[in-house]
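Encoded as structure tokens, the structure appears first; notes follow it.
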Amino acid sequence: MHKEQAANMSNYLTYQGKYKGLLGWITSTDHKRIGLLYLYSILTMFSVGVLLGLAMKLELLAPGKTIMDAQTYNSTFTVHGVIMIFMVVVPGLPAVFGNFLMPIMIGAKDVAFPKLNLLSWYLYVAGVFLVLAALFFGNGAPDTGWTFYAPYSFKTGTNLLPAVFGAFVLGFSSILTGLNFLVTIHRMRCPGMKWTKLPLFVWTLYGTAWIQLLATPVVGITLVLIALERLFGVGVFDPALGGDPILYQHLFWIYSHPAVYIMILPAMGAISEIIPTFAQKQVFGYKAIIASTMAIAFVGYLVWGHHMFTAGMSGTAQYYFSLLTFIVAIPSAIKVFNWISTMYKGSINVQTPLYWAASFIFVFMIGGLSGLVLGALATDVHVHDTAFVVAHFHYIVFGGTGFAFMAAIHYWFPKIYGRMYDKGWANAGWLVFFIGFLALYTPMFYLGMMGMPRRYYDYMKEFQGGNILSTFGSWILATGLVIIIVNLVKSARHGTPAEMDPWHSKTLEWQVSSPPSVENFDEIPEIAENDGPYNYK
Amino acid sequence: MEQNAHNEHVHYDAEASKIGMWLFIFTELLLFGGLFIVYSVYRFMNQEAFHLAAEELNTTIGAINTVLLLVSSMTIAVSTTTLQLKKKGLTLFLLGITVIIGVVFLVNKYFEWGAKIEHGIWPGSEHLKTAFSQGEILFFGLYYVMTGLHALHIIIGLIIILFAAHRVYKGTVNENRAALLENAGLYWHLVDLIWIFLFPLFYLIH
Numbered sequence: 068m069h070k071e072q073a074a075n076m077s078n079y080l081t082y083q084g085k086y087k088g089l090l091g092w093i094t095s096t097d098h099k100r101i102g103l104l105y106l107y108s109i110l111t112m113f114s115v116g117v118l119l120g121l122a123m124k125l126e127l128l129a130p131g132k133t134i135m136d137a138q139t140y141n142s143t144f145t146v147h148g149v150i151m152i153f154m155v156v157v158p159g160l161p162a163v164f165g166n167f168l169m170p171i172m173i174g175a176k177d178v179a180f181p182k183l184n185l186l187s188w189y190l191y192v193a194g195v196f197l198v199l200a201a202l203f204f205g206n207g208a209p210d211t212g213w214t215f216y217a218p219y220s221f222k223t224g225t226n227l228l229p230a231v232f233g234a235f236v237l238g239f240s241s242i243l244t245g246l247n248f249l250v251t252i253h254r255m256r257c258p259g260m261k262w263t264k265l266p267l268f269v270w271t272l273y274g275t276a277w278i279q280l281l282a283t284p285v286v287g288i289t290l291v292l293i294a295l296e297r298l299f300g301v302g303v304f305d306p307a308l309g310g311d312p313i314l315y316q317h318l319f320w321i322y323s324h325p326a327v328y329i330m331i332l333p334a335m336g337a338i339s340e341i342i343p344t345f346a347q348k349q350v351f352g353y354k355a356i357i358a359s360t361m362a363i364a365f366v367g368y369l370v371w372g373h374h375m376f377t378a379g380m381s382g383t384a385q386y387y388f389s390l391l392t393f394i395v396a397i398p399s400a401i402k403v404f405n406w407i408s409t410m411y412k413g414s415i416n417v418q419t420p421l422y423w424a425a426s427f428i429f430v431f432m433i434g435g436l437s438g439l440v441l442g443a444l445a446t447d448v449h450v451h452d453t454a455f456v457v458a459h460f461h462y463i464v465f466g467g468t469g470f471a472f473m474a475a476i477h478y479w480f481p482k483i484y485g486r487m488y489d490k491g492w493a494n495a496g497w498l499v500f501f502i503g504f505l506a507l508y509t510p511m512f513y514l515g516m517m518g519m520p521r522r523y524y525d526y527m528k529e530f531q532g533g534n535i536l537s538t539f540g541s542w543i544l545a546t547g548l549v550i551i552i553v554n555l556v557k558s559a560r561h562g563t564p565a566e567m568d569p570w571h572s573k574t575l576e577w578q579v580s581s582p583p584s585v586e587n588f589d590e591i592p593e594i595a596e597n598d599g600p601y602n603y604k
Numbered sequence: 571m572e573q574n575a576h577n578e579h580v581h582y583d584a585e586a587s588k589i590g591m592w593l594f595i596f597t598e599l600l601l602f603g604g605l606f607i608v609y610s611v612y613r614f615m616n617q618e619a620f621h622l623a624a625e626e627l628n629t630t631i632g633a634i635n636t637v638l639l640l641v642s643s644m645t646i647a648v649s650t651t652t653l654q655l656k657k658k659g660l661t662l663f664l665l666g667i668t669v670i671i672g673v674v675f676l677v678n679k680y681f682e683w684g685a686k687i688e689h690g691i692w693p694g695s696e697h698l699k700t701a702f703s704q705g706e707i708l709f710f711g712l713y714y715v716m717t718g719l720h721a722l723h724i725i726i727g728l729i730i731i732l733f734a735a736h737r738v739y740k741g742t743v744n745e746n747r748a749a750l751l752e753n754a755g756l757y758w759h760l761v762d763l764i765w766i767f768l769f770p771l772f773y774l775i776h
């Protein structure tokens, strides 16, 4: 462990390598710098995605054309989806916090393949630019929705190829990150860091990495087939040539449903770190959380068909997928029980990360339970392709992963930048954001139940009340976001210096200086038999 | 891959490199796995047509290519052993043979595709669309996609082998640090293995 002064001389932020300034960052193979490169690139793309989302909500303020026509609206929701899914929530927690923290949490100096790690980031950036190229060149931005459904994806006149290719490259980046994490967790744990002593965030990254590795190639080849279909007319998904568009949907969701668990598992991991810290209590059911993590990773592979209940599938297959969908909800529920039981009789230290974590549990439960409405065959037919679905997955993906990301950044911020943020503004930002979130998405449940379809720029007059509330919500949410980001950016520069362990947490990353030194540890730590990541008195 | 650039401690973990390669092979298998699913679905739906279309393919060239790849798998496997025995010259010779065989495979593939294209059979061609049934169109579509993707993997494999050979020549890959060559071998076996499935699926099953 470092003395405070020595740490400030040579922490990873101020470290002077071969190159200065920006070049020193984009050529660095330090996992912490790569984590921050991801943070900044993801935040940039997130801002673009948010602006597109705000534009959509503004369009839906009133029936008929408000600010854009149907074609523009189609492109807007497509690009919003592609950016948010492939560039923000899939890499989100693993690439940012996984990169930054996982090696420190297991007592390693870096990941197993540091250069490969940097290459992953370059691939990410390349993917981003490819997708953006689709917007600015050719005949207009893609309008297929982020799912690129056949046969429209090779019939549309818009510039789809770069977007599909970009998604492929982003997938490749995600595979390499997963591969790197798996090898790191297997090979680089410090002495005494047994599997049963791994922090839960590392465990969830481990499960996530397997999904990244085994599910992403399937969507990779599917996207290649779409590209070949467009270029040459291979015929595999083209009904005119004997192909089957439904097969496309199967292949697409074989990846894209597990991808939902790529998004949510590390989020659950972050929450599993935060709650014991602020309850100052041993996490309840450590092994149950691990088992449920791995169960989610495994069963998550087998439920893809529930995206296609109305697309044409045999009744037997529908029962099977519906049953498995209900089963996959169980491990998530186990985790909720674990978190709540951890807080029970704890000594709760109410801080910003805990506000985020608690609101995560709240919105995640609503999102999860509304998912069962969609997983049940009869109700799904009623709400399929309505605003209800949009509300559901925004509650899970934005409410789940997004809230967990916010919780994580407020939790690990002092470690990353070595400074504290202004807690008052952070809490205010959370409150405004939370209210905005509820106002934005809750009406969509109602609108969907009433029959308002998704992906239309227009709607019937009856739906206007809910839509006005929702659009107001989007403005409140954006205000909250601005408060949060301004507060964090200001604090990163001018905040009061943070202690080594401001939250009194027990995991390894809090036992090194804030910010960590270039090599994380002077000496590789050793974990004694009685030590553990959550040994609170 | 095997060293840390940003600090002085040189970290070499052959086991980690090998696990990394095996994991990468899993992803490659699933990449092709997607295509094998597509193939099986359409074979099941169009049995007659797949049977007819398969007869258009040249089994002799396919068989020659299969033997070639099997031999090249052997030469690269032997090269990892000769490296352990510190026979650098022989190792480089065997890697050279492997690369030549890989290139011959691609040349054969070129003539095979060339002959098909001369007959007007390629994805999206007018002849294919007018003179063949839907099942046959799918067969040839998949034929081009799967053997094409496989050929791309042959090229990647060759680049990796050449890279490894260069390192063997320079001496940075040697009997104590053999992971790069062993990984090149693993990858080449994967390319071989995929062909072992492609060959009967397209050429032999009637």
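In the order they appear, the protein sequences are chains A and B. The numbers in the first sequence follow this note's numbering, run straight up by one, and end at 604. The numbers in the second sequence follow this note's numbering, run straight up by one, and end at 776. Positions of the beta carbon are idealized from the N, C-alpha and C atoms, including for glycine.
Under DSSP, the beta-bridge partners assigned to arginine 747(B) are Asn744(B).
For phenylalanine 268(A), the enclosing alpha helix (DSSP H) has its first and last residue at 267-299. Check the Cα spacing between tryptophan 188(A) and each of Gly159(A), Asp210(A) and Thr214(A): the tightest is with Gly159(A).
Identification of chain B residues near glycine 310(A) by a Cβ-Cβ cut-off of 7 Å yields Leu708, ordered along the chain.
Less than 8 Å divides the Cβ of asparagine 534(A) from the Cβ of leucine 127(A). Residue contact with chain A for threonine 717(B): absent (no Cβ-Cβ distance below 8 Å to any residue of chain A).
For the segment 615-640 of chain B, residues whose beta-carbon sits nearer than 9 Å to a beta-carbon of chain A comprise Met615, Asn616 and Ala619. The three-state reading of DSSP puts threonine 453(A) in strand, counting E and B together.
Per DSSP, glutamine 349(A) lies in no alpha helix (DSSP H) segment and is marked neither H nor E.
Between phenylalanine 480(A) and leucine 555(A), the gap from beta carbon to beta carbon is short of 8 Å. The alpha-carbon separation between alanine 623(B) and phenylalanine 709(B) amounts to approximately 7 Å. In this structure leucine 332(A) touches isoleucine 363(A) by the C-beta definition: roughly 6 Å separates them, less than 8 Å. In the displayed model, proline 312(A) falls within a helix according to three-state DSSP. Within the same chain, Ile550 and Asn554 come within 7 Å of tryptophan 492(A) by CB-CB distance, once the 5 residues on both sides are set aside. Following the DSSP letters along the chain, one finds leucine 655(B) in no alpha helix (DSSP H), marked with neither H nor E. Between isoleucine 502(A) and isoleucine 463(A), the CB-CB gap reaches or exceeds 8 Å.
At least one C-beta of chain A is nearer than 8 Å to the C-beta of valine 611(B). Taken in chain order, the unbroken stretches of alpha helix (DSSP H) that lie wholly in the segment 700-743 of chain B and span 4 residues or more are 704-740. For isoleucine 729(B), the nearest beta carbon of chain A is not closer than 8 Å to its own beta carbon. Taking a contact as a CB-CB distance under 8 Å, the pair leucine 664(B) and threonine 645(B) counts as one, their CB atoms being some 5 Å apart.
Looking from the CA of glutamine 578(A), the closest CA among Gly148(A), Arg560(A), Gly562(A) and Gly599(A) belongs to Gly599(A). Alanine 586(B) has its alpha-carbon roughly 17 Å from the corresponding atom of asparagine 744(B). In the structure shown, serine 399(A) adopts helical secondary structure according to DSSP, grouped into three states. The residues Leu197, Ala200 and Ala201, in chain order, have a CB closer than 6 Å to that of proline 229(A) in the same chain once the five nearest residues on each side in sequence are set aside. Beta-bridge annotation (DSSP): serine 584(A) is paired with Asn78(A). One Cα belongs to serine 558(A), the other to alanine 217(A), and the distance between them is close to 47 Å. Here leucine 728(B) is near glycine 672(B), since their CB atoms are less than 8 Å apart.
By a beta-carbon distance limit of 8 Å, histidine 324(A) does not contact histidine 253(A). Their separation comes to about 26 Å.
For aspartate 97(A), same chain residues with a beta-carbon under 8 Å away, outside a window of 5 residues either side, are Tyr79, Tyr82, Asp177, Pro181 and Val585 in chain order.
Of Lys490(A), Ala282(A), Ile242(A) and Gln418(A), the smallest CA-CA separation from valine 366(A) is found for Ala282(A). Per DSSP, the beta-bridge partners of proline 564(A) are Arg486(A). Of the residues Ile607(B), Ile691(B) and Gly694(B), the one whose Cα lies closest to the Cα of leucine 768(B) is Ile607(B). The three-state secondary structure of proline 520(A), taken from DSSP, is strand. Any Cβ of chain A closer than 8 Å to the Cβ of isoleucine 766(B) would place that residue at the interface, and such an atom is absent. Inside the segment 358-405 of chain A, DSSP marks no whole beta strand (DSSP E) run of 3 or more residues.
Per the coordinates, the alpha-carbon of methionine 519(A) lies some 36 Å from the alpha-carbon of serine 359(A).
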